[in-house]
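In this note's numbering, the protein residues as written are 86 to 325.
Okay, structure coming up:
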């Protein structure tokens, strides 16, 4: 089967039942993981999310002959990329969707922008989570951003909004079971604290500069007042 190219990376897919599949090694390469086992680890942590149409064990032809290995369909690749934390994960998801559209003979659809009604379930879930998780809105939203590899909620698709709601609900379940990912939360809180500190230092610097300017203006005003008095005195003396 012909190769595929993602961001100058050449991938050699297998074709099973007339569908495109990628091995975990090829998928790791596309997602820019140094460790080829990273994809396998992601799958093992989230195996219950995958169906048999998304991943399977198959005989794949390699340089060393036929070998059994795990492969992922395009939909399986997309789900792996949902859990991935690399910088290219978001672009890879779009690339996979583009190929899926071409595979079924449909044009690439541009996702409509989310409306306020579309994001309401997520906003409600986050609001509920603030009380249960004892975290502020910004921290919970940042956890959602990291989970889906986005910078803003509006970058989610409608389907992903539903997945984001499930993710927030799972966080609330985890805290009740004492299994929440505390290192992740600690990292987010530390990052928020660092950003706040940077902003505070910037504001303090601006205040310092403003004080210097005010002192200069006061000094200039004093000099002008003295000059006005001197001019007035000279006018009285020499002009009358």
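Using N, Cα and C, we set each Cβ at its ideal position, and we do this for glycine too.
Is residue i helix, strand or coil by DSSP?
{"i": "residue 227", "result": "helix"}
{"i": "residue 173", "result": "coil"}
{"i": "residue 299", "result": "helix"}
{"i": "residue 151", "result": "strand"}
{"i": "residue 193", "result": "Reliability fails at residue 193, whose pLDDT of 40 lies under 50, so the model's placement of it is uncertain and no value is given."}
{"i": "residue 215", "result": "helix"}
{"i": "residue 321", "result": "helix"}
{"i": "residue 137", "result": "coil"}
{"i": "residue 121", "result": "coil"}
{"i": "residue 54", "result": "A query on residue 54 cannot be resolved here, the shown segment of the chain reaching from 86 to 325 and no further."}
{"i": "residue 235", "result": "coil"}
{"i": "residue 199", "result": "coil"}
{"i": "residue 242", "result": "coil"}
{"i": "residue 116", "result": "coil"}
{"i": "residue 281", "result": "helix"}
{"i": "residue 131", "result": "coil"}
Since residue i sits in a beta bridge, which residues does DSSP pair it with?
{"i": "residue 95", "result": "90"}
{"i": "residue 105", "result": "100"}
{"i": "residue 158", "result": "106"}
{"i": "residue 145", "result": "152"}
As a quick exercise: from the options, pick the residue whose alpha carbon is nearest that of residue i.
{"i": "residue 127", "options": "314, 96, 143 and 164", "result": "164"}
{"i": "residue 112", "options": "103, 259, 309 and 140", "result": "140"}
{"i": "residue 166", "options": "287, 125 and 147", "result": "125"}
{"i": "residue 245", "options": "280, 289, 179 and 315", "result": "179"}
{"i": "residue 137", "options": "148, 161, 154 and 208", "result": "161"}
{"i": "residue 147", "options": "294, 295, 99 and 298", "result": "99"}
{"i": "residue 236", "options": "187, 175, 299 and 220", "result": "175"}
{"i": "residue 248", "options": "279, 183, 168 and 158", "result": "168"}
{"i": "residue 234", "options": "315, 171 and 181", "result": "171"}
{"i": "residue 118", "options": "177, 308, 320 and 132", "result": "177"}
{"i": "residue 208", "options": "279, 238, 296 and 307", "result": "238"}
Does the Cβ of residue i lie closer than 7 Å to at least one heavy atom of the ligand ZN?
{"i": "residue 302", "result": "Summarising the ligand content, the structure contains no ligands, and the ligand ZN is consequently not present."}
Rounded to whole angstroms, how far is the Cβ of residue i from the Cβ of residue j, which I believe are closer than 8 Å?
{"i": "residue 199", "j": "residue 241", "result": "7 Å"}
{"i": "residue 206", "j": "residue 250", "result": "5 Å"}
{"i": "residue 106", "j": "residue 142", "result": "Not really, about 11 Å apart at Cβ, beyond 8 Å."}
{"i": "residue 104", "j": "residue 158", "result": "6 Å"}
Going by beta carbon distance, what residues of the same chain come within less than 6 Å of residue i, once the five residues before and after it are set aside?
{"i": "residue 130", "result": "none"}
{"i": "residue 257", "result": "214 and 217"}
{"i": "residue 92", "result": "none"}
{"i": "residue 275", "result": "none"}
Near residue i, which residues of its chain fall below 8 Å by C-beta distance, leaving aside the five closest residues on each side in sequence?
{"i": "residue 211", "result": "222, 225, 226, 229 and 253"}
{"i": "residue 195", "result": "Confidence is the limiting factor: at residue 195 the pLDDT is only 48, short of 50, which leaves the residue's position unreliable and the question unanswerable from this model."}
{"i": "residue 153", "result": "142, 143, 144 and 145"}
{"i": "residue 300", "result": "none"}
Within the same chain, show all residues whose beta-carbon is closer than 7 Å to that of residue i, passing over the 5 residues directly before and after it, in chain order.
{"i": "residue 110", "result": "121"}
{"i": "residue 95", "result": "88"}
{"i": "residue 76", "result": "Outside the displayed span of the chain (86 to 325) sits residue 76, for which this structure offers no information."}
Quick check on residue i - is its C-beta less than 8 Å from some C-beta in chain B?
{"i": "residue 94", "result": "Of the protein chains in the structure, only one exists, and it is not chain B."}
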